[in-house]
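The sequence shown: position 123 = 123 (my numbering), numbered continuously.
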Amino acid sequence: MSQPNFKVISDPLNALATEVPNLPNIPIFSVMEGLERIAKRVDQTSQRNDEISLRFNRVLTAYEQRMIARAVNSTIRNSQATIEPLLTNDGNLPEDFPRNFLEIEGASEDTIKKLLFVYGQPTDGDVTICKRRLVGYLGIIALYV
């Protein structure tokens with residue numbers, strides 16, 4: 001059975017006992033500088049966390065609004081009924097948002113693709129495919145392009 005090597009144990013303890021009394025010799029300025037750097041990083045991290053939280057809340061609010069709007073739009077049965085607008089992630093209403101289904105049917109390919117792009121949806125395909133994609137994204141389920 002091996003025995004502990006007390007020399008190995010005592011060497012670091014001796015070094016510690018020798019160096020601890022020298023701690024007061026560290027210039028206070030370098031300690032303060034280090035603490036100030038740490039405090040600055042903590043502040044920066046806190047600021048980043050606040051920004052992330054604000055962005056997350058904005059996106060979450062827009063997501064919730066879109067879910068409610070889609071639920072409302074799912075009840076549309078008339079092509080002249082008003083479409084409940086869906087906000088973008090930044091909380092804005094896109095330009096040229098259609099007021100009703102007839103405006104979607106009459107919209108140009110460019111207008112439809114701009115709306116899909118603003119909502120982060122694919123823009124590939126012909127105008128009919130894009131209109132169907134937009135109608136589905138808006139939650140309109142009873143009317144077809």
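Just so it is clear, CB atoms sit at the ideal spot from N, CA and C, and this is done for glycine as well.
- For residue 110, the enclosing alpha helix (DSSP H) has its first and last residue at 109-118.
- Of the residues 83, 91, 92, 110, the one whose Cα lies closest to the Cα of residue 99 is 83.
- Taking 9 Å as the cut-off, the Cβ atoms of residue 96 and residue 116 do not count as close.
- Counting every other CB atom within 10 Å of its CB across the protein chains shown gives residue 6 a total below 16, marking it as exposed.
- In the three-state scheme derived from DSSP, where H, G and I count as helix and E and B as strand, residue 89 is classed as coil.
- Non-local C-beta neighbours of residue 89 in its own chain, meaning closer than 6 Å and more than five positions away in sequence, comprise 59, 62, ordered along the chain.
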